[in-house]
Amino acid sequence: MNVVKLAGTVWLAHDGQRGIIVDAARKRQLSALKSRIESLEFAIPLLFLTHTHYDHAGCAEALQRYTGAKVIVGAAEADCLRQGYTPVPKGTHAFSRVVSDAGHIIVPGQTEHYNPVTRDIIPVDTKKDLSEYGFDAQVLPLGAHTAGSIGLKIGEHFFAGDTVFGVGGVLYPPFADCPDEIQTAWETILNTQAKYICPGHGRMITREQLEKQYHTRYGNRIDTGRAPARKSKIYYESKMILRIGTVVKATFGRPRHHIN
Ligand SMILES: [Zn+2]
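Numbering (our numbering), first residue to last: 4 to 263.
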């Protein structure tokens, strides 16, 4: 599977015959996107939206018109997509909270609007295999950044949307509606065994980079993906003991403060 960034938040995964476009940038990036799409010599049956913020769904309606793609979206945001409106999220730390609040005051509602998508929508609210569309790929609900954030595992790549931030080296998203879910979202991503992670913003990162920041922030151990393919009973039992240990630590241990 070849993976390239087309423009803005938009990625393309293709095998030279067919491809999936991931995310749809902001409205003003349409002409740049259009010229990239027009030069493609293969079919795009699917447009995958990691979530529906204006900078990820801005050109979704136009891309669907150009390609005829069906649009995969998290079920919790399907109505946002149909209406062409998704509120911007809260900041996860003091500075991004100020930016988020200021955005609402300076341009109330305006930046959050985009052309609605009203047809051929595939809402997803649970793990979904895309083999029925001819792709060896899986959709995984992530939440965290928005209630309906979803990720896409295809080949060695995982498209994480804004649950991972690829700018400036700190992968923790500066904006999230459900920050309590970021740890679980990162675990979901790491457990897919994907080697490369494609964030909505910034460049592709390696699994090791995310794993390192996961441990720095959350401390506890996760399944690193180095367990054998056929896992023994002992493996599952020891994993359960580790999980119980984590719950006990979280319940009775000293509280940790991740976000300042
Ligand atoms: Zn976003």
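Cβ coordinates follow ideal geometry from the N, Cα and C atoms, glycine included.
Ranked by Cα distance from alanine 79, the options Thr149, Gln141 and Ile47 are led by Thr149.
The three-state reading of DSSP puts lysine 73 in strand, counting E and B together.
Each of Cys201, Gly203, Gln186 and Ile200 was checked against the Cα of histidine 218, and the nearest Cα belongs to Gln186. Excluding residues up to 5 positions away in sequence, nothing lies with its Cβ nearer than 6 angstroms to the Cβ of arginine 31 in the same chain.
When DSSP states are grouped into helix, strand and coil, cysteine 83 belongs to the helix group. Those residues that have a beta carbon less than 5 angstroms away from any non-hydrogen atom of ligand 1 are, in order along the chain, His56 and Asp165. Taking all protein chains shown into account, valine 127 has 16 or more neighbouring C-beta atoms within 10 Å of its C-beta and is therefore buried. In this structure, DSSP gives histidine 148 a state outside helix and strand, which the three-state scheme calls coil. In this structure, the CA atom of methionine 4 is about 26 angstroms from the CA atom of glycine 61. For a cut-off of 8 angstroms, the C-beta gap from threonine 195 to lysine 156 is around 5 angstroms, short enough to register as a contact.
Looking at Arg210, Ser152 and Glu184, the one whose alpha-carbon comes closest to that of valine 25 is Ser152. By the criterion of a C-beta distance shorter than 6 angstroms, valine 6 is surrounded in its chain by Ala16 and His160, once the five residues flanking it on both sides are discounted. DSSP places lysine 215 within a helical segment (H, G or I) once states are collapsed to three.
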